Structure formats: structure tokens, C-alpha cells
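Enquirer: In mature numbering (1 follows the signal peptide of the UniProt record, and there is no 0), the protein residues as written are -20 to -1, 1 to 644.
Note that beta-carbon positions come from the ideal geometry of N, C-alpha and C, so glycine has one too.
Bear in mind the structure is a predicted one, so any value in this text is a computation, not a measurement.
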């Protein structure tokens, strides 16, 4: 009975080839096959006759396929031996025969795959969801592989068509004499073909068998949907220009990064429109915030909110916008480092090292305590407290850029303390967050790597300051007389060099930009003023993009729904960070500089936008849930909104103090 049921599966696949014509007949055959498989339905003689007829038809098709394959092989041998055909004509005919052979073999394989899949489905239990899920996954993989094979066959057909055109051209050239211009164009065509073959990477064929590569089904959306009918005749040109977007089953969107034909210049029009839109809307938003007394950066964040997923959803290239915004962070930190020399850093290095250590440990301890009371897993508690202990370096950099700082003898500059603590806090928090995923025995190795990286960065900075930075700037200054482009390019190259060095040494790229500014500031006040006048406009534009990219991850509707809970959490985090910073700084600051603890604590009492990145990684790794991730995003956003008010209050309280003390 089991063998008879299996034979009925062959009939189910073979009958549609010549017997069935509509869906109703298909359904009848399916029901009949299931009854045969389970021993019910037709009488024995009728069932046997039905099975024999169907199997005979399928067997005839397979024999006919083998006969055709043998004829194709003989035809290929005959074409290869035919001396009257040109090389192009031989290539075209052989290519066509091979494609037809592959089509026959793939069709046969599809039949057997369908038979095995149907047999597995009939033998399974319709109540077993796990089995049905596995069957669905196998069918999906088969469909993906079939789609890839069909795509490759289509490409081969295009290549065969190209060979046919070349063969026809060759025959025409043999039948008529070419003019000098035609001969030149023919040589150019051959050279262009060789160029395309040389620069083409065959990335698809090279990577499809690489371990970890999966076949995915995607949708292709043309750039201009409204004019799709009008431009239907130009579809091949649009495909070549790469003006479409791909969307996978997880709703991730992709754009072209590297085209097959590198000889044609291309531009990402989605990205251009996004930058233009952000630039246009940032002006009224920043203007409005300036009118009501808020920093302009909140206007840029509002711009991102309006254009992002929670607003008009008009930004298509979110990843590209965020990437460009990172350069705003780089140039901001460079200018901050340019404002004070390494001599000031040497005065506060102990405070900058001790402060982040104590604060990070205290934050994690409080996080574990609250996690124990609320029955949260220790891993999740450590990660959440680590994210919340981070503070925004770009935001504080903007605060410092608009502040007037004294440099009295014996005083410690609060900007040096604040920036030093921010950078060290980032490194320590990254260490703690990464140690969550690591074994305990590897923590000491990680600590050793961090200490080695910091020592290597210090050594590199010492060498550059002693031997390289002076001659380098003098050369730039000499070459840039009357031409600021060389100076801007030279300074930008130096920033990127320091960024690359710190990245290679497993230290943050932001720290490399800050050190680049600090090293150049050692060349004197005149050098600092000249470079700052050139770099500030670039920094201002890129900072707009950065703060707008933060707004893309702000979701006002979620904040409104959970406003009471979020306000309580945000105020708790801000107050806790402020109090902890005041306590720690009270212990490590000299008595003559105790007044700056309020300013430094105000600068640290918010959550860094870097928590967006850490939170997304933790969510993908399964450490935190979607709800916790949204809470972290919302608390981060609200803390950034409260930061200017807290900073302004601390400045008004503490800045007059040195002036009063110096006057006495």
C-alpha cells in the first residue's frame, strides 16, 4: 500500500503535463491521490489502471528527454567540427544548446523535488506545527535556489543573445568592406569589451557558495513609480543605472553600493534628496529654537523627528544619513581638542581616570540592586546600567563651544575634566558591556588589551608631537598661501590619520579626533585660530546632519502613551547620575577646584546617543526585549532634552565664583 501511495504521487505531478486543464480537476486529482495513499476511494482495478497510465506518461516524457539530450550532444560536436562557421557563430550555437540542456535537467529535478515534497507532506501530521514549519522552510529554500538558477539562466540567455549579435556583425563585416571610421569603432568596441571583462568582479558567483551566505527573496522598487509606464521602454537603461531599491522579507531596504559596470557614473538620488530635505527643514526648526531660547541642536533633532519614521517618513537612506552625521561628531571633537593643549590634559589625567571608574562601578551596583528588587536578570541589569551611565560627548562639546572658561593659575579647567571623563567613561562602559558576552577568564586578557591600547596611543601621540606635527603644519602653511584648500585638506587628512590609528589600536575613533585637535593646539594660539576658522563651517553643517539623525530614532507617540512612566524614569536617571558625579568629584577634586563639580556633574547627567547603538545590538543578541529597548531610547531622548536647562543652571551658579575670588 505504501508503494502504491508513492506511485500515486508520481501521477499527481505527471497528470498536469497533458491531462488536466483547470484548478477543479487539479483538486480532484489531489483528493484522489490522498485517498489512494490511505487505502480508500477507487476500486483496485480502477486504481491500478490510473496509476499505470500516469506512470506510463511520465516515463515517456523522461525517455523523450534523454533522446533530446543525446541529440543536443551530437549537435554540439557537429558545430564544433564545422569549419565553415566563425568563432562567434560557434560560440552562439553551442551556448544556446547548453542552455537548453540545462533547462531540461532542471525541469526533471523540479519534478522529483515536487514528488518528495508531496510525499513528506502526505506522511506528516497536519496538527504538527513544527513539522509543517520545517517543510515550509525547505520549500522556501528550494524556491530561492530555483529563483537564483532562473536568474542565472536569464543572464546566460542575454549573453547568448550578445553572442548572436556579434556573430551577425562578423558576417556583415565579412560581406562588405569597412570604412576607416567603422574599423576604428570596431577596435574601440573590442577594447571596451575587454575593459568590461577586466573590471567586472563576478561578485555573485564568487560569494554564492561562501559559508554564511543565504538566498533571500527581495522586491525591486523602481525609483520613479509615477512615471513607470511612461518610462517602460527605458527599463533596461534604468536597471543598468541602478536607480531602484530592494526590500527583503524582513522589510530591510537596500540600495546600490557598487554597480556591475563601473564605467558609468552614478548617484544615489535617495540620499541626495534626504540631505537636501534635512538642510531645508533644519533652518526653520533651528530658527524657532533660537527664538524661544533653546539650543539650535534641538531644532535639528525636531527636524529629524518630522522627517523620520514617526513623522512624514520621507527619509529613505537612514543608514547613509547617520553615517554622514558621524563625521559631524569627528569634526566637533577635533575642534574641542583644538581649544586646549596637552599641558592641560596632564593636569587632569588622574581625575579623568578615577572618576569614570568610580561612577561606572556605582551605576552598575545600583543597577544590580534595582534589578534584584524588580526581579530582572543580572545580565540585563548590568547592560541597562552600562548604557545609562554613558554621557553624550557631542552634546557636551556643543555646550563647551558656547561657554567662556577661565584659566586661572592653580585652577583646573572644567572642560578638560569633563571631556577626559567622557572619553574614559566610553572606554570603560564598552569594556563592561562587552564583558557580558565573554567568559570570566577572558576579562583579564581584555583589561590587558585596553591598557596596551592606551599606552600605544600615548606613545604615538608623543612621537607625533615631538617629531611630526611641527614640520607638517609648517609645510601646509607654506603651501596654502592664497589657497585654503590645501590647509583644509591637510588638516582633514591628519584627523582621519589619528582616527584610523586609534581604531586600529581598538580605541574609539572619536578619541582619535580629539587627540588630533589637542596635538595641533600645541603649535600655538595663532595656529589654532587659523585652523578653527577653516574647519568650523564644515563642522556646523555635519553637526546638523548628526543631530537630525538622532531625531530619526525619536518616537513621540510612544513617549506620549507612556509619558508618566518615562518622566519618572528619566528624572530618576538624571538625578542619580548627577548625585553620583557630585559625590565622586567631591572625593577626587582638589579643594581649590571643588566649585567645578557642579558643572562637570551637570554635563554628565544625561544619557549618550551611543545607547541607541548598544541597545540595538543587545536587542539583536536577545539580551533585552523590544520594550526595554524602546524605554532606553525614550529615556535617552528626554534626558538630552533636559540637559541644556541643567547645564545653564550649573553655569549660572558656578562661573561667577572664580571671578569673585580673583577680584578679591
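Can the beta-carbon of residue 313 be found closer than 8 Å to that of residue 494?
Expert: Against a cut-off of 8 Å, the Cβ pair of residue 494 and residue 313 comes out as a contact.
Enquirer: Determine whether the beta carbon atoms of residue 328 and residue 348 lie at a separation below 8 Å.
Expert: No, the Cβ-Cβ distance between residue 328 and residue 348 is not below 8 Å.
Enquirer: Go through its chain and collect everything with a Cβ distance to residue 603's Cβ below 8 Å, but skip five positions before and after it.
Expert: For residue 603, where only same-chain residues beyond five positions count, the Cβ hits under 8 Å are 359, 360, 363 and 416.
Enquirer: For residue 633, which three-state DSSP category applies?
Expert: Residue state, collapsed to three classes: helix.
Enquirer: For residue 580 versus residue 380, is the C-beta spacing smaller than 8 Å?
Expert: Result no, Cβ atoms of residue 580 and residue 380 do not sit closer than 8 Å.
Enquirer: Given a cut-off of 8 Å, decide if residue 529 and residue 291 are closer than it, judged by their beta-carbon atoms.
Expert: No, they are not a contact pair.
Enquirer: Nearest to residue 550 by CA position, among 561, 619 and 257, is which residue?
Expert: Here the closest residue by C-alpha is 619.
Enquirer: Give me the DSSP bridge partner(s) of residue 225.
Expert: Partner(s): 201.
Enquirer: Grouping DSSP H, G and I as helix and E and B as strand, with all else coil, what is residue 503?
Expert: Three-state result, residue 503: coil.
Enquirer: What residues in its chain sit with their C-beta under 6 Å from that of residue 524, if we drop five residues either side in the sequence?
Expert: These residues qualify, in order along the chain: 262 and 280.
Enquirer: Would you mind sorting residue 131 into buried or exposed? The rule is 16 or more other CB atoms within 10 Å of its CB.
Expert: So residue 131 counts as exposed.
Enquirer: What whole-angstrom Cβ distance do residue 595 and residue 441 have, given they're in contact under 8 Å?
Expert: No, residue 595 and residue 441 are not in contact; Cβ-Cβ is about 32 Å, not under 8 Å.
Enquirer: Whole angstroms is fine: what's the gap from residue 125's alpha carbon to residue 56's?
Expert: So the two alpha carbons sit approximately 28 Å from each other.
Enquirer: Can you look up residue 389 in the DSSP assignment and give me helix, strand or coil?
Expert: With a pLDDT of 47 at residue 389, under the threshold of 50, the modelled position of this residue cannot be trusted, and the question is left open.
Enquirer: Measuring alpha carbon to alpha carbon, tell me which residue in 608, 331, 315 and 251 is nearest residue 296.
Expert: The shortest C-alpha separation from residue 296 is found at 251.
Enquirer: Once you ignore the five residues that flank residue 512 on each side, which residues in its own chain have a CB closer than 7 Å to its CB?
Expert: Closer than 7 Å at Cβ, skipping near neighbours: 315 and 318.
Enquirer: Helix, strand or coil for residue 233? Go by DSSP, reduced to three states.
Expert: Reduced to three states, the DSSP call for residue 233 is strand.
Enquirer: Going along the chain, which unbroken runs of the beta strand (DSSP E) with 3 or more residues stay wholly within the stretch 522 to 585?
Expert: The stretch 522 to 585 contains no whole beta strand (DSSP E) run of 3 or more residues.
Enquirer: So for residue 357, helix, strand or coil by DSSP?
Expert: Residue state, collapsed to three classes: coil.
Enquirer: Select from 168, 63 and 198 the residue whose C-alpha is nearest the C-alpha of residue 120.
Expert: Considering only alpha carbons, the answer is 198.
Enquirer: Restricting to Cα atoms, I'd like to know which of 264, 605, 516 and 543 is closest to residue 286.
Expert: Of 264, 605, 516 and 543, the residue nearest in Cα terms is 264.
Enquirer: Three-state secondary structure (DSSP) at residue 340?
Expert: Of the three classes helix, strand and coil, the one that applies to residue 340 here is helix, per DSSP.
Enquirer: With DSSP run on the structure shown, which of helix, strand or coil describes residue 599?
Expert: Reduced to three states, the DSSP call for residue 599 is helix.
Enquirer: Hey, quick one: how far does the alpha helix (DSSP H) through residue 447 stretch, first residue to last?
Expert: From DSSP, residue 447 is part of no alpha helix (DSSP H); its letter is neither H nor E.
Enquirer: With H, G and I counted as helix, E and B as strand and the rest as coil, what does DSSP make of residue 63?
Expert: If DSSP states are grouped into helix, strand and coil, residue 63 belongs with coil.
Enquirer: Could you tell me the distance, in whole angstroms, from the CA atom of residue 86 to the CA atom of residue 51?
Expert: Whole-angstrom Cα-Cα distance: 18 Å.
Enquirer: Using a 10 Å radius around the Cβ and a threshold of 16 neighbouring Cβ atoms, would you call residue 238 buried or exposed?
Expert: With fewer than 16 other Cβ atoms within 10 Å, it is exposed.
Enquirer: Thinking just about the alpha-carbon of each residue, which of 269, 599, 496 and 276 is nearest to the one in residue 448?
Expert: For the residues 269, 599, 496 and 276, the minimum Cα distance to residue 448 belongs to 496.
Enquirer: Could you check whether the stretch 543 to 558 touches the stretch 620 to 627, counting it as contact only if at least three pairs of C-beta atoms, one from each stretch, sit closer than 8 Å?
Expert: The answer is yes - the stretch 620 to 627 touches the stretch 543 to 558, with three or more Cβ pairs under 8 Å.
Enquirer: Would you mind stating whether residue 70 and residue 60 have Cβ atoms separated by less than 8 Å?
Expert: Result yes, Cβ atoms of residue 70 and residue 60 sit closer than 8 Å.
Enquirer: Comparing C-alpha positions only, which one of 298, 544, 616 and 101 sits nearest to residue 532?
Expert: Checking every option, the nearest Cα to that of residue 532 belongs to 298.
Enquirer: Helix, strand or coil: how does DSSP classify residue 84 here?
Expert: Residue 84: helix per DSSP, three-state reduction.
Enquirer: Tell me the rounded alpha-carbon separation between residue 616 and residue 227.
Expert: In a straight line, the C-alpha of residue 616 is about 30 Å away from that of residue 227.
Enquirer: Does the beta-carbon distance from residue 634 to residue 578 come in below 8 Å?
Expert: Contact: yes.
Enquirer: Output the distance between the C-alpha atoms of residue 100 and residue 537, rounded to the nearest integer angstrom.
Expert: The straight-line gap from Cα to Cα measures roughly 48 Å.
Enquirer: In chain order, what residues of the same chain lie with their CB nearer than 7 Å to the CB of residue 518, ignoring the 5 residues before and after it?
Expert: 311, listed in sequence order.
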